[in-house]
Amino acid sequence: MGIFSKYLQPSWALVRARPSIHGRIAQILCCFLCIGLLPTQLTASGTIPLRGANGVMVDFIGIREAHPNGLFAMVTREQGEIFVEWPAFDLRDMETRHPSLYQQYSNLRGGTQSVTLNMGLYEGLRTKEDLEAELKTKIAREITLNVPPMTGFFDMSGFNSGYSSRNWRSVFSSWDRRSSNYLREYERLLADFFGLTPNSANRSIWTYSINGRTEYTVYTEVRPPQTSVRKPISIFFYQFADRNARGNSMLVNYLRNNREVHKAITIILDEHLEILENNMLMGEAHEISVLKATISDARRHLHGILESTTLSADLHRDFDRYLRTWNLGDF
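What the sequence shown shows, in the numbering used here, is residues 8 to 338, in sequence order.
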């Protein structure tokens with residue numbers, strides 16, 4: 008196995024499978040090298056040449072972190088990330104060729120802290136924790152939401168056309184029950200989602216009376232207390248994830264009619280998925296596949312809003328799984 012095999016400790020893989028350090032791979036990786044960690048010390052092929060204590064040079068495709076005991080680095084994606092202890096390197100050569108790296112070695116020795124380097128392939132890569140922090144910032148961003156009147160969610164044109172037919176009692180009887188349901192759902196959405204207190208003075212009412220006694224009441228319009236509010240984008244994620252939340256079908260209609268708001272939400276999932284599809288997340292292949300599925304499922308619902316009037320039965324489940332998987336909140 009070579010005198011440096013004891014220094015090769017497999018860590019976690021990047022995008023591909025967990026590394027298996029044995030056979031020919033181990034023989035190759037036993038030959039470790041000096042470490043040139045400055046960006047200007049990359050080779051033309053983008054690799055990082057490191058010299059081992061035995062004098063053999065090996066090209067690393069990336070170095071992630073300097074640890075008090077060694078380096079987390081990678082020779083090939085297929086082999087994955089490995090940990091190489093400092094004695095495996097030609098430290099004297101390192102001091103001459105790469106004094107800045109040798110200084111890191113000197114500073115870290117005997118300590119407990121690590122230094123992130125993200126050289127070569129690791130440049131631009133992120134951990135799941137990195138993405139979670141980014142997502143929390145993105146969904147906390149506030150946007151302006153226009154607050155439509157009741158007829159922005161419910162169609163009252165049938166009452167107007169029916170009323171003109173002069174079959175008044177039948178029309179009022181039918182629309183009394185229907186508009187009362189509309190009123191209840193709308194004012195619940197005002198309170199629960201937009202955070203507004205409904206005001207009975209904002210209701211437009213038609214009544215049908217006999218001998219001075221009101222028999223039927225139709226709410227033809229209800230106006231919101233204010234026409235816009237500022238809310239964090241997360242309110243949509245939490246609303247869709249909550250199985251007990253009411254008014255999701257109304258929110259689907261709202262997003263369909265407010266494309267800028269819809270875009271502000273979907274772009275978060277689009278960018279999130281793009282990072283994983285471009286192999287920019289650290290982790291094992293199976294783990295990344297599972298993470299990608301949680302994004303894809305939630306994203307599919309949002310894009311489907313513009314294509315279908317039917318609310319998917321899986322919407323709650325998929326948004327709940329997305330938020331829990333990425334530690335974006337409990338509810």
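Where a beta carbon is used, it is the ideal one built from N, C-alpha and C, also for glycine. No experiment lies behind these values; they were computed from the predicted model shown.
Specify the secondary structure class of residue i as computed by DSSP and reduced to three states.
i: L318; result: coil
i: A60; result: coil
i: N334; result: coil
i: E291; result: coil
i: I55; result: strand
i: T234; result: coil
i: A24; result: Residue confidence is low: A24 scores 31 on pLDDT, short of 50, so the model does not pin down where it sits. Its coordinate-derived value is still stated next. In this structure, A24 counts as coil in the three-state DSSP scheme.
i: G43; result: Unreliable placement is indicated for G43, whose pLDDT of 34 sits below 50; no coordinate value is reported for it.
i: P17; result: For P17, the predicted structure reports a pLDDT of 38, less than 50, and the residue's modelled location is therefore unreliable. The matter cannot be settled from this model.
i: R328; result: helix
i: R31; result: Because the pLDDT at R31 is just 34, under 50, the model does not fix this residue reliably, and the value given afterwards should be weighed accordingly. The answer is helix: DSSP assigns R31 an H, G or I state.
Using alpha carbons as the reference points, say which of the options lies closest to residue i.
i: T83; options: Y112, Q120, G127 and V63; result: G127
i: Q111; options: E72, M81 and V91; result: E72
i: R331; options: K270, E139 and L276; result: E139
i: V268; options: I150, R99 and S303; result: I150
i: T234; options: G202, Y223, F90 and D100; result: G202
i: V63; options: H74, N76, D97 and Q86; result: D97
i: H308; options: F243, D137, P106 and T221; result: F243
i: D162; options: K143, Y193 and G118; result: Y193
i: E278; options: K299, A292 and N265; result: K299
i: R195; options: Y223, G254 and P232; result: G254
i: T224; options: S296, G87, F166 and T54; result: F166
i: G59; options: I70, I89 and W93; result: W93
i: E141; options: I282, K270 and V259; result: I282
i: V236; options: N153, W333, M289 and G117; result: N153
i: W182; options: S164, D199, N209 and A198; result: S164
i: R185; options: P155, Y226 and D199; result: Y226
i: S315; options: K143, N260 and V65; result: N260
i: N339; options: N209, N188 and G77; result: Outside the displayed span of the chain (8 to 338) sits residue 339, for which this structure offers no information.
i: A305; options: K143, Y245 and G290; result: Y245
i: N265; options: F160, L197 and Y189; result: F160
i: R3; options: P231, A320, N188 and E294; result: With the chain running from 8 to 338 in the structure shown, residue 3 is simply not present.
i: N334; options: V122, Y189, E284 and S241; result: S241
i: L197; options: A292, R104 and L258; result: L258
i: W213; options: S187, D199 and F200; result: S187
i: G290; options: S121, D137, N61 and T119; result: D137
i: E222; options: F179, Y189 and D199; result: F179
i: Y189; options: E294, T158, T119 and F200; result: T158
i: A271; options: N209, I295, N61 and H310; result: H310
Between which two residues does the alpha helix (DSSP H) holding residue i run?
i: I282; result: R266 to E284
i: V154; result: Element bounds for V154: n/a, residue is neither H nor E.
i: A248; result: S241 to A248
Residue i and residue j look like a contact to me (Cβ under 8 Å); what is the Cβ gap, rounded to whole Å?
i: R328; j: T301; result: 5 Å
i: Y215; j: R176; result: 7 Å
i: S211; j: E228; result: 4 Å
i: M287; j: L132; result: 6 Å
i: K3; j: I275; result: Residue 3 is absent from the model: the chain starts at 8 and stops at 338.
i: A248; j: F326; result: 4 Å
i: P75; j: G117; result: 7 Å
i: M81; j: F67; result: 6 Å
i: R148; j: P239; result: 7 Å
i: I312; j: L262; result: 5 Å
i: R256; j: L318; result: For the sequence presented, residue 256 should be read as Ser rather than Arg. Yes, they are in contact, since the Cβ atoms of S256 and L318 sit about 5 Å apart, within 8 Å.
i: Y129; j: I70; result: 7 Å
i: E88; j: F79; result: 6 Å
i: P156; j: R230; result: 5 Å
i: T273; j: P232; result: Not quite, the Cβ-Cβ distance comes to about 29 Å (not below 8 Å), so this is no contact.
Step through the CB atoms of chain D and report whether any lies within less than 8 Å of the CB of residue i.
i: A248; result: The structure shown contains no chain D, having only a single protein chain.
message: Which complete beta strand (DSSP E) runs does the region 60-148 hold, if anything under 3 residues is left out?
response: Inside the region 60-148, DSSP marks whole beta strand (DSSP E) runs of 3 or more residues at positions 64-67, 69-74, 77-81, 88-92 and 122-127, from first to last along the chain.
message: Which complete beta strand (DSSP E) runs does the region 176-220 hold, if anything under 3 residues is left out?
response: Here the runs fully enclosed are 210-217.
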